[in-house]
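Chains as they are written, first to last, in numbering that gives the first Met the number 0: chain Z, 0 to 205; chain H, 0 to 205; chain G, 0 to 205; chain P, 0 to 205. Where a beta carbon is used, it is the ideal one built from N, C-alpha and C, also for glycine. Note that the coordinates shown come from a computational prediction; the quantities given were computed from them, not determined experimentally.
Protein chains: 4
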Amino acid sequence: MERAERKEKEFHRRRTDILGQAEKVFAAKGFYGTTVAEIAGASGYAVGTIYHFFEGKEDLFTAMITEKMEAMYSEIRRAAEREKSTTGKIRALVSAQFRFVEKNREFCAIFIRRERTVFSEGNDALKKKIIVDYMDHISYLESVLSEGVSGGFLRQIPPRSTAFALAGMINSFIVSWMYTPGDEPLSSKADSLLDIFLKGAGIHEL
Amino acid sequence: MERAERKEKEFHRRRTDILGQAEKVFAAKGFYGTTVAEIAGASGYAVGTIYHFFEGKEDLFTAMITEKMEAMYSEIRRAAEREKSTTGKIRALVSAQFRFVEKNREFCAIFIRRERTVFSEGNDALKKKIIVDYMDHISYLESVLSEGVSGGFLRQIPPRSTAFALAGMINSFIVSWMYTPGDEPLSSKADSLLDIFLKGAGIHEL
Amino acid sequence: MERAERKEKEFHRRRTDILGQAEKVFAAKGFYGTTVAEIAGASGYAVGTIYHFFEGKEDLFTAMITEKMEAMYSEIRRAAEREKSTTGKIRALVSAQFRFVEKNREFCAIFIRRERTVFSEGNDALKKKIIVDYMDHISYLESVLSEGVSGGFLRQIPPRSTAFALAGMINSFIVSWMYTPGDEPLSSKADSLLDIFLKGAGIHEL
Amino acid sequence: MERAERKEKEFHRRRTDILGQAEKVFAAKGFYGTTVAEIAGASGYAVGTIYHFFEGKEDLFTAMITEKMEAMYSEIRRAAEREKSTTGKIRALVSAQFRFVEKNREFCAIFIRRERTVFSEGNDALKKKIIVDYMDHISYLESVLSEGVSGGFLRQIPPRSTAFALAGMINSFIVSWMYTPGDEPLSSKADSLLDIFLKGAGIHEL
DNA sequence: GATGAATGAGGTTTCATTCAT
DNA sequence: CATGAATGAAACCTCATTCAT
């Protein structure tokens with residue numbers, strides 16, 4: 000079965016090729032502004048060939064978003080899991096996400112755009128998937144924060160709210176970085192973020 | 000000039016009518032998923048009539064977003080200005096935005112979608128406008144926070160970062176509320192948000 | 000009936016006004032490139048008002064062409080009739096047409112364009128009218144030339160052919176003048192034309 | 000490269016097909032009266048297919064006119080070049096044009112209509128091309144006539160005027176033939192034309 | 001398996017014409 | 001009578017998808 004295996008691998012390589020090129024084009028022009036012909040051109044295949052790998056433009060887009068998004072979330076989770084302490088986990092979480100954004104600007108440009116408009120007649124599969132995965136991610140943050148609360152490292156606040164707060168802050172720092180053409184790495188802002196998240200903006204008298 | 004005035008008013012009323020109906024359709028189907036015919040149908044006018052009020056679909060969309068967005072930001076600002084203390088301003092700011100979202104679910108669904116894809120050949124006028132206005136809003140938050148820092152009510156942290164953190168938290172609470180079909184009003188979360196923002200999530204020993 | 004008469008006159012004045020302005024716009028943009036709104040704007044009336052004077056855009060165009068065309072042909076004919084001799088008539092004919100063109104560049108720009116495309120479903124009324132009037136004009140030329148033949152001033156050639164030849168030469172001189180931005184008056188070419196028409200381009204040995 | 004060559008040829012054949020069908024439709028209904036759908040229908044292709052061959056309706060029209068017009072002029076020129084004497088050249092010129100018209104009634108119906116109205120915003124490329132080519136043709140006639148003058152076969156008249164006169168006569172004979180539903184071939188009129196052109200209509204006493 | 005020419009549904013926009021004011 | 005806002009039919013063009021080679 001060597002032969003079949005190689006074929007399989009070849010197939011996968013090409014698919015990944017296309018996905019990568021598609022990402023660039025989608026990032027530059029948006030879902031509706033991109034034509035299948037452009038993706039074909041960019042990836043060096045014929046239009047028809049694209050349809051051997053994906054059922055259609057929408058499917059291609061969905062696959063691209065889904066796979067990268069899952070990679071992102073699992074990368075973040077893996078980074079957090081490597082840490083023991085709650086604060087270590089949070090720090091790892093933030094750093095991992097920031098690093099991912101730095102390495103995947105194009106994807107994030109699309110992702111932030113949240114271009115998951117209702118597609119063909121009620122096909123909001125992607126929309127739902129994105130929300131579900133996002134909520135799963137929030138739940139993961141929640142579990143980490145919960146641990147911190149029980150461990151006495153975090154204040155007794157409903158951890159879901161805290162999770163949303165943390166996610167929002169992370170997201171906001173990302174957006175700020177993407178829209179501001181500064182040259183500081185995003186990662187350098189992680190400490191600042193953590194400081195605000197953990198200590199708050201207010202003054203606490205002793 | 001009574002006559003002309005009344006006409007002017009009528010014109011404005013109809014324009015607003017169309018804008019309102021368009022908002023609903025755009026919210027449900029996205030910019031590209033919506034046809035001008037649908038907007039016409041929803042607002043009870045003929046297709047051609049839409050073109051008396053707007054130069055095209057894009058112009059209509061831009062007008063809708065722009066006008067409501069500006070209303071939102073100024074509403075928030077006005078609410079903050081009514082308060083004296085920094086914390087009062089922040090609270091007012093958050094509450095005002097939450098109330099706006101509750102009253103304008105549909106607009107916010109679009110706005111959060113950030114559907115400002117590349118339009119016709121380099122027309123990213125709307126995109127730029129949204130970013131500029133957002134950055135202006137951030138700057139406003141920054142100025143409020145700066146005051147708090149000089150007044151000794153807020154910690155000495157670069158206020159721009161704090162502003163992004165605050166904006167991110169607000170946004171995240173909004174998204175959470177919009178995607179979770181709970182029936183609690185968003186406004187009820189304002190205190191929780193403020194608590195996290197001001198005191199942070201961590202425990203601070205005395 | 001003073002009142003009715005004045006009204007009648009007023010009506011006619013406005014109609015002529017519109018026709019004159021329409022001529023300019025049509026000359027500049029062609030029939031299909033011109034909108035009724037433009038004609039209305041140019042003539043200082045409202046769109047609806049145009050429809051009090053003409054049944055529609057096509058009718059307006061037809062009226063404009065028809066009336067001016069008839070004026071042109073009758074002007075030419077009148078000028079010829081004032082002369083006695085055949086050559087005098089021919090010379091008068093050519094001069095009159097050249098003068099008309101000089102005074103009505105805009106109209107002639109349209110007329111030469113022969114924009115009488117098939118209009119709405121078989122309405123080639125204008126097309127036919129133009130051809131019929133042209134043929135009538137040719138027949139008139141023919142009659143003048145016939146006289147010249149019987150009088151022994153012109154060679155015995157089928158006068159219809161000669162008429163077409165003459166008309167063609169005149170037309171060609173006009174086109175040449177209109178497309179060439181020289182500043183010599185068209186009228187100055189009349190003698191040259193007559194010379195070629197009467198004596199031919201060849202050398203005739205005695 | 001056999002394969003690519005055959006494809007190239009196929010492409011050209013289809014393009015020519017479409018051009019030919021378009022010519023008929025344009026001749027019958029004019030540029031604005033013709034829809035792309037009609038051209039598609041007439042040539043047996045789908046609407047979209049037309050756009051593989053031409054950039055748009057205007058481009059299609061321009062291509063059709065341009066190519067045929069150039070063919071016409073070069074055909075005429077080639078015919079003239081085959082002759083030695085000036086009169087031979089003139090006769091060949093006239094005959095060639097007449098034969099072309101007989102074989103291309105439809106094209107000539109369009110061409111004579113001079114339907115080159117102002118197209119999209121200042122695109123008078125076609126208009127200019129037609130004028131330039133016409134003037135080139137006139138210049139060619141002029142050169143032929145010049146030769147005749149130097150050779151002593153033609154009178155000493157400014158050859159440009161004579162060229163316009165000749166072109167006008169030819170054109171007029173064509174128009175006459177096209178509008179008159181007689182069944183005599185146009186070619187049969189060539190001698191008559193030459194006779195008038197060379198000897199003139201007047202009587203020259205010895 | 002790869003290709004890319006062909007398809008045609010569907011969208012945006014224009015504009016002649018009408019008719020209530 | 002004059003007006004000009006409203007109408008809606010109709011046209012051009014794009015582009016995702018298919019399928020014969």
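So, using beta-carbon positions, are residue i and residue j closer together than 8 Å?
| i | j | result |
| --- | --- | --- |
| G/A124 | G/T33 | no |
| Z/R89 | Z/V143 | The question names Arg, yet the displayed sequence has Ile at residue 89 of chain Z. Against a cut-off of 8 Å, the Cβ pair of Z/V143 and Z/I89 comes out as a contact. |
| H/A200 | Z/T161 | yes |
| H/S187 | H/S94 | no |
| Z/F52 | Z/R13 | yes |
| G/A26 | G/A78 | no |
| H/A41 | H/I49 | no |
| G/K198 | P/H203 | yes |
| P/M177 | P/I130 | no |
| Z/E105 | Z/K23 | yes |
| P/I64 | P/Q96 | no |
| P/E82 | P/A91 | yes |
| Z/K128 | Z/N103 | no |
| P/L192 | G/A164 | yes |
| G/K56 | G/V35 | yes |
| H/Y31 | Z/Y31 | yes |
| P/R159 | P/E141 | yes |
| H/P184 | H/E101 | yes |
Residue i versus chain G: which residues are under 7 Å apart at the beta carbon?
| i | result |
| --- | --- |
| P/M168 | A164, G167, M168 |
Residue i bridges to which residues according to DSSP?
| i | result |
| --- | --- |
| H/G201 | Z/L153 |
At a CB-CB cut-off below 7 Å, which residues of chain P make contact with residue i?
| i | result |
| --- | --- |
| G/S73 | The premise fails here: G/S73 is roughly 21 Å from chain P at the closest Cβ pair, so nothing lies under 7 Å. |
| G/L197 | G199, A200, G201 |
| G/S175 | F163 |
Using the beta-carbon of each residue, which ones in chain Z are nearer than 9 Å to residue i?
| i | result |
| --- | --- |
| H/Y178 | I130, Y133, M134 |
| H/F97 | Within 9 Å Cβ-Cβ: nothing; H/F97 doesn't reach chain Z, min ~13 Å. |
Taking C-beta pairs closer than 8 Å, name the residues in chain Z that residue i reaches, listed in chain order.
| i | result |
| --- | --- |
| H/D194 | I156 |
| H/F110 | The contacting residues do not exist; H/F110 stays about 11 Å from chain Z at best. |
| H/L153 | A200, G201, I202 |
| H/S191 | I156, P157, S160 |
Against residue i, what residues of chain Z qualify as contacts under a CB-to-CB distance less than 7 Å, listed in chain order?
| i | result |
| --- | --- |
| H/T34 | By Cβ distance, chain Z contributes nothing, its closest Cβ being about 13 Å from H/T34, past 7 Å. |
By the criterion of Cβ-Cβ separation under 9 Å, what are the contact partners of residue i in chain P?
| i | result |
| --- | --- |
| G/F172 | S160, F163, A164, G167 |
Q: Let me know the beta strand (DSSP E) ranges lying completely inside the stretch 10 to 80 of chain P, each 3 residues or longer, listed in chain order.
A: If one requires a minimum length of 3 residues, no beta strand (DSSP E) run lies completely within the stretch 10 to 80 of chain P.
Q | Stretch-stretch touch, CB-based, cutoff 8 Å, three pairs: the stretch 148 to 160 of chain G with the stretch 172 to 186 of chain G | A | Note that the stretch 148 to 160 of chain G does not touch the stretch 172 to 186 of chain G; fewer than 3 beta-carbon pairs, one per stretch, sit closer than 8 Å.
Q) Looking at C-beta atoms only, is the number of pairs between the stretch 10 to 29 of chain H and the stretch 15 to 24 of chain G that lie closer than 8 Å three or more? A) The answer is no - the stretch 15 to 24 of chain G does not touch the stretch 10 to 29 of chain H, with fewer than three Cβ pairs under 8 Å.
Q. What residue ranges within the stretch 161 to 198 of chain G form continuous alpha helix (DSSP H) runs of no fewer than 4 residues, ordered along the chain?
A. Uninterrupted alpha helix (DSSP H) stretches at least 4 residues long and entirely within the stretch 161 to 198 of chain G occur at 189 to 198, given in chain order.
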